[in-house]
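Below: the structure, in structure tokens.
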Amino acid sequence: MKAIIFGSIGTLVETSDIQRQSFNYAFKELGLDWYWDKSNYKKLLKKSGGIKRVEYFAKINHQTVDSKKIRELKTQYFNRFLNSNVIDPREGVLDVIKYAKLNKIKIGLASTTTIENINAIFKTLNEKIEKTDFNFIGNNNLIKKVKPYPDIYLKALKNLGVSENECLTIEDSIESAMSAYNANVKCIAFPGMFHIEDDFSFCKKYYKKLDISIFEK
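Okay, structure coming up:
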């Protein structure tokens, strides 16, 4: 193994409910009679990317909205919260990073979110995890097609200088895990709070090849 790739900001910090609430603040500010409760948002997360979620929701409700403006306002609320609060990394993340560093394994972040969101994540982590820990950090400006397309993983592999057989990734959602799968990268499911019941069985063909115990304390 030459590289470990965290697949999204949600594999570092549990952010799903913060994002849900940020969307609701944006809807209210723009005068939209929308409210995403936890059950609705869980279903909407099957769509990767805030713009796609807004467009889908508008379509099923027969409405026309400025999805980009909504996403931008949501991002402002989201980043405002992260920049003013300290949140711990998800359980086990620090152990994986420590293991990788001790064993000279490269670390990547195959995110397709905005640079602003990525900066806010490292701000809320309060130096427990830093950008300098990573050999590659992705963002939405680096690729044309977001997850589940494999573009961000192909970019990560190229920048890290490894093949798909020399790394594994950690993903928190089906949509993101499909991106790794489509790039033929071995994937460990690390479901976020809104993805616990999701079916990651398509990743199982890799399980027997992975010794997960290497990350245990």
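In short: position in the sequence shown from 1, add 817, done, that's my numbering.
Every residue gets a Cβ at the ideal spot worked out from N, C-alpha and C, and that includes glycine.
Among Asn-943, Glu-983, Asp-989, which has the Cα closest to the Cα of Pro-965?
Minimum Cα distance to Pro-965 is reached at Asp-989.
Among Asp-1015, Arg-897, Leu-974, Phe-1019, whose alpha-carbon lies nearest the alpha-carbon of Asn-934?
Comparing Cα positions, the closest option is Arg-897.
Indicate the three-state DSSP secondary structure (helix, strand or coil) for Leu-849 in the structure shown.
Three-state DSSP puts Leu-849 in coil, outside helix and strand.
Taking Cβ positions, are Leu-866 and Cys-1004 nearer each other than 9 Å?
Note on identity: in this sequence residue 866 is Gly, with Leu being the wrong assignment. For the pair Gly-866 and Cys-1004, the CB atoms are not nearer than the 9 Å cut-off.
Under 9 Å, do Lys-923 and Asn-952 count as touching if we go by C-beta distance?
Yes, Cβ-Cβ distance for Lys-923 and Asn-952 is below 9 Å.
Taking a contact to mean a Cβ-Cβ separation below 9 Å, would you say Lys-863 touches Ile-991 in this structure?
Their beta carbons are under 9 Å apart, which means Lys-863 touches Ile-991 by this criterion.
Hey, is the segment 889 to 904 in contact with the segment 925 to 942, meaning 3+ C-beta pairs nearer than 8 Å?
Inter-segment contact for the segment 889 to 904 and the segment 925 to 942 is present: three or more beta-carbon pairs are separated by less than 8 Å.
With 16 as the cutoff for other CB atoms within 10 Å, does Leu-977 come out buried or exposed?
The residue is buried, with at least 16 neighbouring Cβ atoms inside 10 Å.
Measuring CA to CA, which of Ser-1018, His-1012, Ile-821 is closest to Thr-832?
Answer by Cα proximity: His-1012.
Counted within 10 angstroms of its Cβ, other Cβ atoms place Gln-836 as buried (16 or more) or exposed:
By the 16-neighbour rule on beta-carbons within 10 angstroms, Gln-836 is buried.
Per DSSP, Thr-941 forms a beta bridge with which residues?
DSSP lists no partner for Thr-941.
Going by DSSP, which residues form a beta bridge with Leu-926?
According to DSSP, which records beta bridges pairwise, Leu-926 is partnered with Phe-823, Ile-954.
Leaving out five residues on either side along the sequence, give the residues of the same chain with a beta carbon under 6 Å from the beta carbon of Thr-828.
Counting only Cβ-Cβ distances below 6 Å, and skipping sequence neighbours, we find Ile-987, Asp-989, Phe-1007.
Beta-carbon gap between Pro-967 and Ala-994 smaller than 9 Å
Cβ distance not < 9 Å, so Pro-967 and Ala-994 don't count as in contact.
With DSSP collapsed to three states, give me the class of Ile-960.
Coil, per DSSP.
Using the rule of at least 16 other Cβ atoms within 10 Å of the residue's Cβ for burial, across every protein chain shown, is Tyr-852 buried or exposed?
Exposed, by the Cβ-count rule.
For Ile-904, the nearest candidate out of Thr-930, Asn-958, Val-830, Lys-921 (CA to CA):
Among Thr-930, Asn-958, Val-830, Lys-921, the Cα nearest to that of Ile-904 is on Val-830.
Rounded separation between Tyr-1023 and Asp-950 - CA only:
Legend: pLDDT at Tyr-1023 = 49, less than 50; position of this residue unreliable, value from coordinates given subsequently. Each residue's Cα considered, the two are about 26 Å apart.
For Ala-820 and Glu-983, which I take to be in contact (beta-carbon distance under 8 Å), what is that distance rounded to the nearest angstrom?
Contact annotation, Ala-820 with Glu-983: C-beta distance approximately 6 Å; criterion of less than 8 Å satisfied.
What does a CB cutoff of less than 8 Å around Ala-1000 pick up in its chain, not counting 5 residues either side in sequence?
Cβ contact annotation for Ala-1000 (same chain, cutoff 8 Å, sequence separation greater than five): Pro-967, Tyr-970, Leu-971, Leu-974, Glu-981, in chain order.
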